[in-house]
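Everything on this sheet refers to the single structure shown next.
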Amino acid sequence: MTGPTDSITFAPLAAPFAGPGEGEWHALVEKVLKGKSFDKLVSHTADGIAYGPLTQRATQAGPRALRAAHGQWQVMARIEHPDADIANAQALEALINGASGLHLVMAGAAGAHGFGLSVAHLAQALKGVDLAGAAIEVDAGAVGEAVARTLVRLVAEQGLEPSLTRISFGVDPIGLAARGEETSPLHSLGPLATDLVALGFRGPLCVADGRIVHQAGGSEAQELAYALSTGIAYLRTLETAGLDLETARQLIGFRLAADADEFITIAKLRALRSLWAQVESACGLAPRPLHLHAETAWRMMTRRDPWVNVLRATTAVFSAAVAGADAISVLPHTQALGLPDAEAQRLARNAQLVLMEESNLAKVDDPAAGSGAFEEIGAALAQKAWTLLQEIEGEGGILSTLASGKLREAVAQVRAQRFKNIARRREQITGTSEFPNIHEAPAHVLLPLSAAAASGDMDATGLSPIRLAVPFERLRDTAEAFKTSHGQAPKIFLANLGTVAAFTGRATWARNFFEASGLETIASRPLATITDAARAFADSGAPIACLCSSDTVYAEQAAAVATALKQAGACQIWLAGQPAALEPELRAAGISDFAFAGCDMIEALARALTAAISAK
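Here my numbering is used: position 201 in the sequence shown is 185, and no number is missing along the way.
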C-alpha cells in the first residue's frame, strides 16, 4: 500500500538559499576587525599547529572505530589512600555508587601525586571487590610485576576465569626510565607476559603512558610520539619473548592525559588510534581498536579556587568520552591540595555519570567525525607526532632517546614557553591568574599534600610533573604567610582618578591583576582632587599604590597625583596601563612600575608583593 506522500521528494529547508563561501565570511570578518589582523583570531597549539575560528566540513571523513566495546566507557574511581582499610571502604563505596572500575594508584607511580597504595596491603584494599565485575586499571610505578602477581593470586582465590576479567596491569618500566628512576630491563617482561597469557588473561599487561610527557609540560605531539615509541618498544620486547604479534599487541594499552582544551584533547585521542593503526599495519597486522585509558590532567589542577577544577575536569571528561576513551579517571578537584575526601571523590565520579547517563555521550560512536576542526587539527597533529616518532626510532628507540636527554630537553623548551604564556596571560588560569578570590574558604582534604609533591620542582634527570598554576600559587603562599604573621594581608591602594566611567575598566583589571598575587586591593572612591588622593591613601593603610583611570585623565593628573602619593608615604607607585609618551614624566613624578596586558605578571607581582611586605 502506498501513502499520499510516497511520490513526494523532500528538499532540505536551506535548499533555496545559496551557501556563503569562506571568502565571503572572511570579508565580513575583516570589516568587523577594522584593520586588525585576522591572525588574531587564529590559535596555535604548542606544536605550532594553527586553527582558526571557522573550518569547512570534512566531507570525506567518516566515523572511526574507537572503543573496543561500543557504548559506555568504564567510569574509573581512583583508589590511592595509603591506609588499606580506608582504601577498601572507598573502593566499595565507589562501586556501589556508579563507578564501573577501580584505578589502583600505587605509591610512587606516575599518577600518585604524593599518595598511593602499597603492594603488601593491596589484597586488603581489594577485599570484597568482585574482580569479574569491576574493571581494573593499575598505575603501577616500580612495583608492576609484584602488583600483577598479586592480582593473579586474587583472581585465583575468587575462583574466576582470567579471560573474563578486565584488568589492565599497568606495567611500565619505560615510564620509570622517563621519570629518571631505576628500572628493570625490558626483557624481564617476557616471563610475566608468558605466564599471564598461559593463565588466560587478555591484558593489557604493559601501558604506554603519555601522561608522563603531558604532566611534565610537553606538547601533544611529544606525548603521542612518546606513547607510540613506548608501545613499539613493548611490542618488540614481547615478540622477542616468543609471543606472536597478534597476542603481543593485545598486551599493550595506552594512557593519555585529557585537559580542558576540548579541541586539542579530542583531536589527540583520535589521532592516537589512527597512528597506532599505522604501526599495526607496518607490522603486517590488521588494525583493531586499542585499549585507551584517559585521565584528567594533573598540570591543569590548581590549589587556589579549587572548585574551578570541577569545571576543568568536566570538560576533560567530555573530551575523552567524545574521543572514544575506553576508561576514564578523574582527578578530584582537591587533588593538588592533598588526599581527596569523600565529597571530592563523589563529584569526580558524578561528573562522568552525568555526561554518560544524562547527556548520553556514550550513545554515539565518534561524534567528532566529519567536523572540520577536529579532523584538521587531528591530521596535523598526527603528522607532527609521526615525524617525532620517526626521529625517536631513528635514534634507536625510546630508551636511547631518553638516555640521551633529547626528549627531556625538547619537553623543557615547550614547558618554558607554557610558563611564559601563563605569566603574560596569553593563556589564562581562571581563579588563579584570572578572577582570583583572595577570600576563598579552605577546601577540605583527608591528608595535606607534601611540600615536595606540591612544589612542582623539576628533577634534572627525568620528566617530572608540574602544574601550570605553581608560579602564581607561590606568590599567594607568600602573601598568606604574611597575613598569618601580621594579622592582615599585604595591601595595595587603587587610586581611582576622574569619573566612574573613566576609571572602572582599569580599576577592575588592576584588582584582578594584583589579587592574583594575594595582595588585597583597597579601592578609593572617585578622587576629585590631589589632596583627596593623598588623604585616601594615608587612610588605606597600604604601603604601595596604583593609579587607575583613562589615558586622558592620566595626561592631566597622573604626575601630580603620583607626587602627592609619594609625599604621603607610598614606597612604590604603579600605573594601570601603558604610559606611552608620558613615561619620562610619570617616572620623574615617582611612578616606578606599569601594569598592562601582556606584561610579565609573575615578575611584576613579585615586585609589588615584595614592596608591600618589606614596607611593613
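Don't be surprised by glycine CBs; every beta carbon is placed ideally from N, CA and C. Since the model is a prediction, treat every value here as computed from it, not as a measurement.
Proximity below 8 Å, CB of residue i to CB of residue j
i: aspartate 243; j: alanine 200; result: no
i: arginine 490; j: cysteine 532; result: yes
i: alanine 473; j: isoleucine 528; result: no
i: valine 59; j: arginine 333; result: yes
i: alanine 601; j: isoleucine 514; result: Nothing in the structure corresponds to residue 601, since the chain is present only between -15 and 600.
i: alanine 364; j: phenylalanine 358; result: no
i: alanine 517; j: valine 545; result: yes
i: leucine 253; j: leucine 276; result: yes
i: alanine 560; j: alanine 500; result: no
i: alanine 161; j: histidine 105; result: no
i: isoleucine 450; j: arginine 283; result: yes
i: alanine 463; j: leucine 511; result: no
i: threonine 286; j: alanine 297; result: no
i: leucine 337; j: alanine 305; result: no
i: leucine 566; j: alanine 539; result: yes
i: valine 113; j: alanine 71; result: no
i: cysteine 583; j: arginine 408; result: yes
i: leucine 593; j: leucine 459; result: yes
Reference residue i, options the options, closest by Cα
i: cysteine 555; options: Ile597, Cys532, Ala261 and Leu173; result: Ile597
i: valine 26; options: Val314, Leu253, Gln234 and Ile361; result: Ile361
i: alanine 232; options: Thr249, Cys267 and Pro510; result: Cys267
i: alanine 91; options: Arg137, Val131 and Asn81; result: Val131
i: isoleucine 158; options: Leu170, Arg150 and Leu148; result: Leu170
i: alanine 209; options: Trp370, Asp245 and Glu569; result: Trp370
i: glycine 117; options: Ala437, Ala96, Leu101 and Glu145; result: Glu145
i: glycine 100; options: Asn344, Ala177 and Ile63; result: Ile63
i: glycine 356; options: Ala205, Leu459 and Ile250; result: Ile250
i: glycine 226; options: Ser265, Arg186, Ala255 and Leu176; result: Leu176
i: isoleucine 33; options: Lys111, Ser147, Phe185 and Glu204; result: Glu204
i: glutamine 319; options: Ala307, Lys467, Arg163 and Val294; result: Val294
i: alanine 93; options: Ser388, Glu165, Ala366 and Gly184; result: Glu165
i: valine 348; options: Gly36, Leu50, Gly7 and Cys583; result: Leu50
i: proline 426; options: Arg288, Gly471 and Glu569; result: Arg288
i: leucine 79; options: Lys111, Gly389 and Ser102; result: Lys111
i: asparagine 609; options: Gly389, Leu135 and Ala581; result: With the chain represented from -15 up to 600, any question about residue 609 goes unanswered, as that position is not in the structure.
i: arginine 137; options: Lys368, Gln262, Val292 and Leu183; result: Leu183
i: asparagine 480; options: Ala435, Leu459 and Ser534; result: Ser534
Terminal residues of the alpha helix (DSSP H) in which residue i lies
i: lysine 252; result: 246 to 266
i: aspartate 62; result: The amino acid at residue 62 is misidentified as aspartate; the sequence shows arginine. Where arginine 62 is concerned, there is no enclosing alpha helix (DSSP H), although the beta strand (DSSP E) it sits in stretches over 58 to 63.
i: leucine 222; result: 204 to 224
i: proline 608; result: Any property of residue 608 remains undetermined from this structure, which presents the chain solely from -15 to 600.
i: threonine 468; result: 454 to 470
i: valine 395; result: 390 to 407
i: alanine 73; result: 68 to 80
Exposed unless 16 or more other CB atoms sit within 10 angstroms - verdict on residue i
i: tryptophan 558; result: buried
i: arginine 257; result: buried
i: methionine 585; result: buried
i: glycine 415; result: buried
i: valine 454; result: buried
i: tryptophan 9; result: exposed
i: valine 89; result: buried
i: methionine -15; result: The predicted model places methionine -15 with a pLDDT of 49, which falls under 50 and marks its position as unreliable; any figure quoted below should be read in that light. Methionine -15 comes out exposed.
Cβ-based neighbour list, residue i, same chain, cut-off 6 Å, excluding 5 preceding and 5 following
i: serine 152; result: Glu121, Pro188 and Gly237
i: glutamate 246; result: Thr299 and Ser303
i: glutamate 207; result: Gly194, Val197 and His198
i: phenylalanine 477; result: Ile506, Phe521, Ser524, Ala526 and Ala529
i: leucine 173; result: Thr221
i: proline 420; result: Glu499 and Ala500
i: alanine 30; result: Ser203 and Val398
Residue interval of the beta strand (DSSP E) (run including residue i)
i: histidine 277; result: 276 to 280
i: alanine 242; result: 236 to 242
i: threonine 416; result: From DSSP, threonine 416 is part of no beta strand (DSSP E); its letter is neither H nor E.
i: alanine 560; result: 556 to 560
i: phenylalanine 521; result: First-last for phenylalanine 521: 514 to 524, but that is the alpha helix (DSSP H), not the beta strand (DSSP E).
i: phenylalanine 580; result: First-last for phenylalanine 580: undefined, no H or E at that position.
i: valine 545; result: No beta strand (DSSP E) holds valine 545; the alpha helix (DSSP H) holding it covers 543 to 551.
i: asparagine 449; result: The sequence shown places proline at residue 449, rather than the asparagine named in the question. Neither: proline 449 is in no beta strand (DSSP E) and is coded neither H nor E.
i: asparagine 480; result: 475 to 480
i: valine 136; result: Valine 136 -> not in any beta strand (DSSP E); alpha helix (DSSP H) instead, spanning 128 to 141.
Residue-chain proximity (residue i, chain D), Cβ-Cβ < 8 Å
i: threonine 178; result: Protein chains in the displayed structure number just one, and chain D is not present.
Residues of its chain near residue i, where Cβ-Cβ distance is below 8 Å and the 5 sequence neighbours each way are ignored
i: glutamate 327; result: His428
i: glycine 85; result: Gln58, Val59, Met60, Ala61, Ala118, Ala119, Ile120, Glu121, Arg150 and Ala311
i: alanine 335; result: Val294, Ala297, Thr298, Val301 and Val314
Chain-order list of residues whose beta-carbon lies under 7 Å from that of residue i (same chain, five-residue window excluded)
i: threonine 214; result: Ile158, Ala192 and Ile382
i: histidine 87; result: Met60, Ala61, Arg62, Ile63, Glu121, Asp123 and Ser313
i: threonine 167; result: Pro157, Leu160 and Ala161
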